[in-house]
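Undergrad: One structure is given below, represented as C-alpha cells, and several questions about it will come after.
In the numbering used here, the protein residues as written are 402 to 984.
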C-alpha cells in the first residue's frame, strides 16, 4: 500500500514562512488542503519521529493514499473469501525455499497460510539460506527509464558508424582516443592513479561525479579495449548446442534440456529495437539461469545502427559468453523489414552489422544462417568466407532455404561442402536430428558440432541419447515427471500467483503441441523415428501414453490440469504455428 497521508497539510514553497495563501511563481501547484507552513511541517515530522516504529507502521498500513478510489483490497479475510479456490495442496516455492514470496496471492496458498492469513515460513530451510537461485541479465529500472528517454549514449557504436559513413571499416580504438563517455562503462580514466569516476548512469548525458578510490589493482583491460585476438574465445567444438527457439525456448525449458545434457544454450530471438526501447518483455528473453554455464543471446535486426548500439548496450549490461545474429528467421514479419534471411541478400548491410557489432562486443560474435532464400539458389558457401574475414567466431548453418521451410529434409550434403568453404572457422550444422544415429551422420560431414532445435522439443532427453549412444524407451510416467519439473521451474520463474500460473500453462501447452509428435520407442516397428514422419493415431501402452499422443488442444489442456489445476472459465488455446492438425 502507499504511504499514509499526513494529518497536517504541507507547504511546498520555495522558502519563507508564507501560509497557505496564493503560491508564488514557480512553485508546484499543491492542493490547498495539503499546504502548511514551514513550522508546522517540521513540528509534524518531529512529533511523528518520536512515536514508536510499530505504531507508525500500523497507522501507515491502515491507511491508503488512494482512499475510496483504490482498486485493491486491504482486508486479507475478505480477499481470501473472494479469491478462487487453490489449484493444489502443494506450493513448490514453499517446499523448496521455505517461504513463498507471493503470500496470499499464491494459487497454492493453503500450503503456507496461517489461520489469520499470515504467510508461514519454514525456519529450517530459511536458516540454511535456501532461496531462489538468482536469474541474471534482468533490466534495471533506472536503465529502462534512460532507454525510454533516449538518454543512453553509445560512443563506441557511433564511432564505428561514422567510419562506415566515411567508407572505412571500423578499426580498434586507440587507448589515447577512448571517448570520455566510456567511463560510464565502469572503466577508470587514465591519469587518475587508481581513482575512478563513479558513473551516474549507463552512458547518460549527466556529468560524472567526483572520483573515488577504487579497490583492487588497475589492469590494462580497465583502460585499453581488447583487440580481436585478445577476445575470449568460444571453444564449443563437439558440444551439443540447444537452438534459440522462439516461444518454446524459454528459461524453464532450457533448464530441462541442461538437465538432460545440453552443453550450450541460447536465449530466444530478441529484436534489437525493442531492447533499445527498454521493453521488459524483450529483455526477459535475455535472462540466464545459473545452470547455463555456456550461454548466449540472439539478436535480430536489419540495420547497422540499431544492431551495433544494441550490441554495445548488451556488452555493458548482461553476462553472456557469445552474441548470435539471427540471419535465418524465415517469417514474413521479419523478412519484409530486411532482417533474418533477408540479410543474406543485403551483403553491404550484413557486413556493416557484423563489423560494427564485432567492434563493440567484448565476447565472440556468432551467426546463424540458412542455405539461402530461394529453394534452388544456395548462398551460404559464398557468404561463409566473407563472414570469416569479417571476424565471426562461429557460424551455424540450417540446411534449408527460406522458401523450403520444412517441406523437405535438410541438405547435409551441402552443409559438408560449406564446412570446407568456412575452414578454419568452425561451422555447426542444424536440421532433422532426432536420434543419436542422426547426430552421428551429421558429425561425419566434418562439422564442428550440431545444433538441435525441433528434436529437443519432441524429446528433450535426446541429448542424453546422443551422449550415451542409445535409444531411451521412456515411459509415460517419466514424461509426466518431466512436465511436472517444467511447471515447477515455470512457477519459480514466472510466479505462483494467477498471472504466473497461467503464463506457465500457456508455455506448457505450446510445448505439448510439439511433444505429441513423439512416438515411444517401444511402439516403433523400425528405429529410429524420423523427424519428418507424422505419427498416425495409435493407442499407447497405458492411458497416459495415449493421452500424450493426442493432437487435440483440448487433451493438452487436460494434461495441464493434471499439473496446474483447472483452467479459468472460457479458456481457449491455439498454438502459435496454427497447424490444421491442431484444430
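From the three backbone atoms N, C-alpha and C, an ideal C-beta is built for every residue, glycine too.
Note that the structure is a prediction, hence the values are computed from the model and not measured.
Could you check how far apart the C-beta atoms of residue 655 and residue 641 are, in whole angstroms? I think they sit under 8 Å.
TA: About 13 Å; that fails the 8 Å criterion.
Undergrad: Buried or exposed: which applies to residue 808, given that a residue is buried once 16 or more other Cβ atoms fall within 10 Å of its Cβ?
TA: Exposed, since its Cβ has fewer than 16 Cβ neighbours within 10 Å.
Undergrad: Closest to residue 772 by C-alpha separation, out of 744, 790, 965 and 535, would be which residue?
TA: When each option's Cα is compared against that of residue 772, the closest is 744.
Undergrad: On the DSSP bridge list, what partners appear for residue 767?
TA: Answer is 725 and 795, bridged to residue 767.
Undergrad: Within the 8 Å Cβ cut-off, does residue 527 reach chain D?
TA: No chain D appears in this structure, which consists of one protein chain only.
Undergrad: Between the C-alpha atoms of residue 792 and residue 561, what's the straight-line distance to the nearest angstrom?
TA: Using only the alpha carbons, I get a separation of about 15 Å.
Undergrad: Residue 946 by DSSP, collapsed to three states: which one?
TA: Helix, per DSSP.
Undergrad: Less than 8 Å between the C-beta atoms of residue 863 and residue 835, yes or no?
TA: For residue 863 and residue 835, yes; Cβs fall inside 8 Å.
Undergrad: From the DSSP output, in three-state form, read off residue 437 for me.
TA: Here residue 437 sits in coil by DSSP.
Undergrad: Rounding to the nearest angstrom, what Cα-Cα distance links residue 477 and residue 638 in this structure?
TA: Those two C-alpha atoms are separated by around 56 Å.
Undergrad: Thinking C-alpha only, which one of 803, 825, 636 and 868 is nearest residue 737?
TA: Of 803, 825, 636 and 868, the residue nearest in Cα terms is 803.
Undergrad: Is DSSP giving residue 965 helix, strand or coil here?
TA: Here residue 965 sits in helix by DSSP.
Undergrad: Sort out for me which residues DSSP pairs residue 642 with in a bridge.
TA: According to DSSP, residue 642 bridges with 665 and 852.
Undergrad: Just reading off the alpha helix (DSSP H) that residue 567 is part of, what are its end residues?
TA: Counting along the chain, residue 567 falls outside any alpha helix (DSSP H), and DSSP gives it neither H nor E.
Undergrad: Judging by CA-CA distance, which residue of 509, 666 and 568 is the nearest neighbour of residue 854?
TA: Comparing Cα positions, the closest option is 666.
Undergrad: Provide the residue(s) that pair with residue 670 in DSSP beta bridges, ordered along the chain.
TA: Note: residue 670 sits in a beta bridge opposite 699.
Undergrad: Kindly indicate the opening and closing residues of the beta strand (DSSP E) around residue 829.
TA: Residue 829 -> beta strand (DSSP E) spans 828 to 831.
Undergrad: Look at residue 828 and residue 798 and say whether their C-beta atoms are less than 8 Å apart.
TA: Yes; because the gap between Cβ atoms is below 8 Å, this pair is in contact.
Undergrad: Name the DSSP bridge partner or partners of residue 986?
TA: This structure leaves residue 986 out entirely; the chain is present only between 402 and 984.
Undergrad: Is the segment 671 to 686 touching the segment 915 to 924, taking contact as three or more C-beta pairs under 8 Å?
TA: As far as the Cβ criterion goes, the segment 671 to 686 does not touch the segment 915 to 924, which means the pair count is below three.
Undergrad: How is residue 748 classed by DSSP in three states: helix, strand or coil?
TA: Of the three classes helix, strand and coil, the one that applies to residue 748 here is helix, per DSSP.
Undergrad: Whole angstroms are fine: how far does the CA of residue 495 sit from the CA of residue 529?
TA: Between residue 529 and residue 495, the C-alpha separation is close to 14 Å.
Undergrad: Apart from the five residues on each side of it in sequence, which residues of its chain come closer than 8 Å, Cβ to Cβ, to residue 972?
TA: Closer than 8 Å at Cβ, skipping near neighbours: 958.
Undergrad: Report yes if the C-beta distance between residue 727 and residue 701 is below 8 Å; otherwise report no.
TA: Yes, they are a contact pair.
Undergrad: Sorted by chain position, which residues of the same chain lie with C-beta nearer than 7 Å to residue 846's C-beta, five sequence neighbours on each side aside?
TA: So the qualifying residues of the chain are 813, 816, 817, 820 and 830.
Undergrad: Taking residue 877 as the reference, give the member of 932, 840, 901 and 941 with the closest Cα.
TA: That would be 941, whose Cα lies nearest to the Cα of residue 877.
Undergrad: How is residue 801 classed by DSSP in three states: helix, strand or coil?
TA: Correct three-state label for residue 801: strand.
Undergrad: Whole angstroms are fine: how far does the CA of residue 714 sit from the CA of residue 707?
TA: Approximately 10 Å, taken between the alpha carbons.
Undergrad: Taking C-alpha atoms, which residue in 555, 929, 875 and 897 lies nearest to residue 513?
TA: Answer by Cα proximity: 897.
Undergrad: To the nearest angstrom, how far is the alpha carbon of residue 527 from that of residue 497?
TA: Taking the straight line from one Cα to the other gives about 10 Å.
Undergrad: If I measure Cβ to Cβ from residue 608 and keep anything under 6 Å in the same chain, skipping five residues before and after, which residues do I get?
TA: With a pLDDT of only 39 at residue 608, under 50, the local geometry of the prediction cannot be trusted, and no value is derived from it.
Undergrad: Only counting the same chain, and skipping five residues up and downstream in sequence, which positions put a Cβ closer than 8 Å to that of residue 483?
TA: Within the same chain, residue 483 has close Cβ partners 474.
Undergrad: Write down the C-beta distance between residue 906 and residue 961 rounded to the nearest angstrom, noting that I regard them as a contact closer than 8 Å.
TA: Sure, about 5 Å apart at Cβ, within 8 Å.
Undergrad: Relative to the C-alpha of residue 824, which candidate in 493, 860, 787 and 516 has its C-alpha closest?
TA: Here the closest residue by C-alpha is 787.
Undergrad: Using only the alpha-carbon positions, how far apart do residue 590 and residue 569 sit?
TA: Per-residue confidence for residue 590 stands at a pLDDT of 35, beneath the threshold of 50, marking its modelled position as unreliable; no derived number is given.
Undergrad: Along the chain, where does the alpha helix (DSSP H) that runs through residue 901 open and close?
TA: From DSSP, the alpha helix (DSSP H) with residue 901 extends over 899 to 916.
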